[in-house]
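Enquirer:
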Amino acid sequence: SPIPKQIPATLIPGDGIGPEVVEATVKVLEALGSPFSWDIQQAGVAGVTSAGDPLPAATLTSIRKNKLALKGPLTTPIGEGFRSSNVRLREEFQLYANVRPAVTIVPGRFEDIDIVLVRENIGGFYVAHEYYIPVGDDPRAVAVSTGINTREACKKIARFAFEYALKNGRKKITVVHKANILKALTGIFLEAAREIAREYEGKVQMNDMIVDACAMQLVLNPWQFDMLLCTNLFGDILSDQMAGLVGGLGMAPGANIGDDCAIFEAVHGSAPDIAGKGIANPISLLLAAGQMLDHVGHKDLALRLRTAITDTLNKDHVATGDLKGKASTREFTEAIIRRLQAA
Ligand code: NAD
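Just so we're aligned, residue 3 is where the sequence shown starts under full-length UniProt numbering, counting upward by one.
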């Protein structure tokens, strides 16, 4: 079906550096001539401030209607306080797949990295059924956490990864687990992946690796990897590590995909240490917007966007401080817009 000129989408500025990188992304998308018409909604600490709720009803209604959102990072209190709005959004809209590519754009410590991590996004330890057991006069003497993986959900994410490989010309999937210790929780994940892999024999290869060994291999020889398929927690950790291979958290986008809804975001958080300073790198969210354009079928626009980012960094040598450049978020944004206008 033809792509509509105007695609309604929810826009969540988020917390910390969120509003800064979201503003940058919206400006670049405007210069690109993107098809999105934004419905701005709040969540996270900004949701608490504006509507007394980290996930206001209006935000959920908007996403339910549009089935498409671009989201800045949301702050989650550590140790106590409200449950992560990110996790709640993934559960609410059954965004079972998190696609996190790490691609070298600026040569750094590692060159020619091109890995896509697919993370199971709803289950595992993120279910976080947690409680304390009191002993004596200590009400929190023992902490217990339960993870849940269903065979059905494991097969679903494995099928997603193999289909992604086929559609995107990827040849090998490495399944990451800890089935030597978490024999049930991650054993079922490996089993399900092996079962699905049989259907793709001759088209996509599969191997598997224990998560600790994978962490080391990602540093020693990251070029051996094409795609990683991970449980929720391992995918969270290894995708930050992969961001480190390509210049840091300023370079890492993520797509949360469900059967009928998708939310695009940066891998990074709200970066409270640099919030409000105007120095955040907007590339992660820009690349997430690129994934969003791909998702709605505007591959041409996504490619133009990625080319403008690459040229700004490598031909104009304009970059933010995390990439050892001198540009502010605004200056970097203006440089990309000039590239788009010149093209
Ligand atoms: P973080 O990703 O916010 O920051 C880690 C480090 O990376 C910081 O030094 C930060 O300055 C730097 N950094 C991150 N993004 C950057 C960018 N675009 N440009 C330049 N530097 C950047 O991780 P954190 O400090 O552990 O978490 C802060 C908050 O974010 C927490 O409340 C956490 O729960 C939340 N969080 C949200 C998401 C999300 O919304 N998807 C993801 C991760 C963390």
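No residue lacks a Cβ here, since even glycine has one placed at the ideal position from N, Cα and C.
#1: Taking only the alpha-carbon atoms, compute the straight-line gap between Gln96 and Asn123 and give it to the nearest angstrom.
#2: Going by DSSP, name the residue or residues bridged to Gln207.
#3: At what residues does the beta strand (DSSP E) containing Leu97 begin and finish?
#4: Could you compute how far the alpha carbon of Ala111 sits from the alpha carbon of Ala268?
#5: Would you call the region 254-269 and the region 64-80 touching, i.e. three or more CB-CB distances under 8 Å?
#6: Report whether the distance from the Cβ of Asn88 to the nearest heavy atom of the ligand NAD is below 7 Å.
#7: Could you check whether the Cβ of Thr77 sits closer than 7 Å to any heavy atom belonging to the ligand NAD?
#8: Skipping 5 residues on each side, what residues in its chain have a beta carbon closer than 8 Å to that of Ala143?
#9: Is Ala283 close to the ligand NAD? I mean its beta-carbon at under 7 Å from any heavy atom of the ligand.
#10: Below 6 Å CB to CB, which residues in the same chain sit around Ile338 once its five sequence neighbours on both sides are set aside?
#11: How about the region 114-123 and the region 286-294: do they share at least three Cβ pairs that are nearer than 8 Å?
#12: Quick check: the Cα distance between Ser147 and Gly126, rounded to an integer number of angstroms?
#13: Relative to the C-alpha of Pro10, which candidate in Leu240, Asp324, Thr335, Val298 has its C-alpha closest?
#14: Mind reading off the beta-carbon distance from Ala282 to Thr331? Whole number of angstroms is fine, and I expect it under 8 Å.
#15: Count the other CB atoms, across all protein chains shown, that sit within 10 Å of the CB of Ile42; report buried if there are 16 or more and exposed otherwise.
#16: How would you write the range of the beta strand (DSSP E) that Phe266 sits in, first residue to last?
#17: So, using beta-carbon positions, are Leu325 and Gly256 closer together than 8 Å?
#18: Using only CA atoms, which one of Val24, Leu13, Arg121 lies nearest to Asn68?
#19: Pull up the distance between the alpha-carbon of Asp247 and that of Pro224, whole angstroms please.
#20: For Ile150, which beta-bridge partners are listed by DSSP?
#21: Over what stretch of residues does the beta strand (DSSP E) that includes Phe334 continue unbroken?
#22: Looking at C-alpha atoms only, which residue of Ala321, Ala344, Thr233, Glu333 is the closest neighbour of Ile107?
#23: Leaving out the 5 sequence neighbours to the left and right, which residues in its chain are closer than 6 Å to Thr188 when beta-carbon positions are compared?
#24: Go through its chain and collect everything with a Cβ distance to Gly35's Cβ below 8 Å, but skip five positions before and after it.
#25: Should Glu203 be labelled buried (16 or more other beta-carbon atoms within 10 Å of its own) or exposed?
#26: If you run the structure through DSSP and keep just helix, strand and coil, what is Phe162?
#27: For the region 186-244, which segments carrying the alpha helix (DSSP H) assignment without a break, of at least 4 residues, lie completely within its bounds, in sequence order?
#28: Nearer than 7 Å: is that true of the beta carbon of residue 347 relative to any heavy atom of the ligand NAD?
#29: Within 7 Å: the Cβ of Val30 and any heavy atom of the ligand NAD?
#30: Could you tell me the alpha carbon to alpha carbon distance between Ala48 and Arg90, rounded to whole angstroms?
#31: Quick one: which unbroken alpha helix (DSSP H) runs of 4-plus residues sit fully inside the region 15-43? Chain order, please.
#32: Would Lys158 and Asp228 be called neighbours here (beta carbons separated by less than 8 Å)?
#33: Do Val108 and the ligand NAD come close, with the Cβ less than 7 Å from some heavy atom?
#34: May I have the straight-line CA-CA distance separating Asp275 from Ala194, to the nearest angstrom?
Expert: Answer, in terms of the structure:
#1: By one-based count along the sequence shown, residue 96 stands at place 94. By one-based count along the sequence shown, residue 123 stands at place 121. Cα-Cα distance, rounded: 9 Å.
#2: The residue you call residue 207 lines up with position 205 of the sequence shown. Per the DSSP secondary-structure output, Gln207 pairs in a beta bridge with Lys174.
#3: Against the sequence shown, residue 97 aligns to sequence position 95. That residue, Leu97, is in no beta strand (DSSP E); it is neither H nor E in DSSP.
#4: Mapped onto the sequence shown, residue 111 falls at position 109. Mapped onto the sequence shown, residue 268 falls at position 266. The question names Ala, but residue 111 is Arg in the sequence shown. Straight-line Cα distance between these residues: approximately 22 Å.
#5: yes
#6: For the purposes of this step, residue 88 is taken as the residue at position 86 of the sequence shown. For the ligand NAD, at least one heavy atom lies less than 7 Å from the Cβ of Asn88.
#7: Working through the sequence shown from its first residue, we reach residue 77 at position 75. Answer for Thr77: yes, Cβ within range of the ligand NAD.
#8: Along the sequence shown, one-based indexing puts residue 143 at 141. For Ala143, where only same-chain residues beyond five positions count, the Cβ hits under 8 Å are Tyr134, Ile135, Pro136, Val137.
#9: Your numbering for residue 283 matches position 281 in the sequence shown. Here residue 283 is Asn; the residue named in the question, Ala, does not match the sequence. Yes; taking the cut-off as 7 Å, the Cβ of Asn283 has a heavy atom of the ligand NAD nearer than that.
#10: Translated into the one-based positions of the sequence shown, residue 338 becomes position 336. If we look at Ile338 and ignore the five residues flanking it on each side, its Cβ neighbours are Val30, Ala310, Thr314.
#11: Verdict: no, contact absent.
#12: For the purposes of this step, residue 147 is taken as the residue at position 145 of the sequence shown. For the purposes of this step, residue 126 is taken as the residue at position 124 of the sequence shown. C-alpha separation (whole angstroms): 11 Å.
#13: Working through the sequence shown from its first residue, we reach residue 10 at position 8. Per the Cα distances, Val298.
#14: Residue mapping note: residue 282 aligns to position 280 of the sequence shown, counting from 1. Residue mapping note: residue 331 aligns to position 329 of the sequence shown, counting from 1. Contact flag correct, Cβ pair sits at about 5 Å.
#15: Indexing the sequence shown from 1 puts residue 42 at position 40. By the neighbour-count rule (16 or more Cβ atoms within 10 Å), Ile42 is not buried but exposed.
#16: On the sequence shown, residue 266 is found 264 positions in, with the first residue counted as 1. Phe266 -> beta strand (DSSP E) spans 264-268.
#17: For the purposes of this step, residue 325 is taken as the residue at position 323 of the sequence shown. For the purposes of this step, residue 256 is taken as the residue at position 254 of the sequence shown. Taking 8 Å as the Cβ cut-off, Leu325 and Gly256 do not qualify as a contacting pair.
#18: The residue you call residue 68 lines up with position 66 of the sequence shown. Of the candidates Val24, Leu13, Arg121, the one whose C-alpha sits nearest the C-alpha of Asn68 is Leu13.
#19: Against the sequence shown, residue 247 aligns to sequence position 245. Against the sequence shown, residue 224 aligns to sequence position 222. The sequence given here has Leu at residue 247, not Asp. So the alpha carbons of these two residues sit roughly 8 Å apart.
#20: The sequence position of residue 150 within the sequence shown is 148, counting from 1. Paired residue(s): Gly126.
#21: On the sequence shown, position 332 is the one that residue 334 refers to. Segment 331-344 is the alpha helix (DSSP H) holding Phe334; no beta strand (DSSP E) there.
#22: Along the sequence shown, one-based indexing puts residue 107 at 105. Selected option, being the one with the closest Cα: Ala321.
#23: Here the question's residue 188 lines up with position 186 in the sequence shown. Excluding sequence neighbours, Thr188 sits near His179, Lys180, Ala181, Thr233.
#24: For the purposes of this step, residue 35 is taken as residue 33 along the sequence shown, with counting starting at 1. So the list reads Leu303, once near-sequence residues are dropped.
#25: Locating residue 203 in the sequence shown gives position 201, where the first residue counts as 1. When all chains shown are included, Glu203 counts as exposed.
#26: Residue 162 sits at position 160 when you count from the first residue of the sequence shown. In the structure shown, Phe162 sits in a helix (DSSP, three-state: H, G or I).
#27: 189-200, 213-222
#28: Past the edges of the chain, shown from 3 to 345, lies residue 347, and the structure says nothing about it.
#29: Here the question's residue 30 lines up with position 28 in the sequence shown. Every heavy atom of the ligand NAD is 7 Å or more from the Cβ of Val30, so no.
#30: Along the sequence shown, one-based indexing puts residue 48 at 46. Along the sequence shown, one-based indexing puts residue 90 at 88. Between Ala48 and Arg90, the C-alpha separation is close to 16 Å.
#31: Fully enclosed alpha helix (DSSP H) runs of no fewer than 4 residues occupy 20-34 of the region 15-43, in order along the chain.
#32: Your numbering for residue 158 matches position 156 in the sequence shown. Your numbering for residue 228 matches position 226 in the sequence shown. For Lys158 and Asp228, no; Cβs fall outside 8 Å.
#33: Within the sequence shown, numbered from 1, the residue matching residue 108 stands at position 106. Checking every heavy atom of the ligand NAD against the Cβ of Val108, none is found closer than 7 Å.
#34: As a position in the sequence shown, residue 275 is number 273, starting the count at 1. As a position in the sequence shown, residue 194 is number 192, starting the count at 1. Asp275 and Ala194: Cα-Cα distance of roughly 41 Å.
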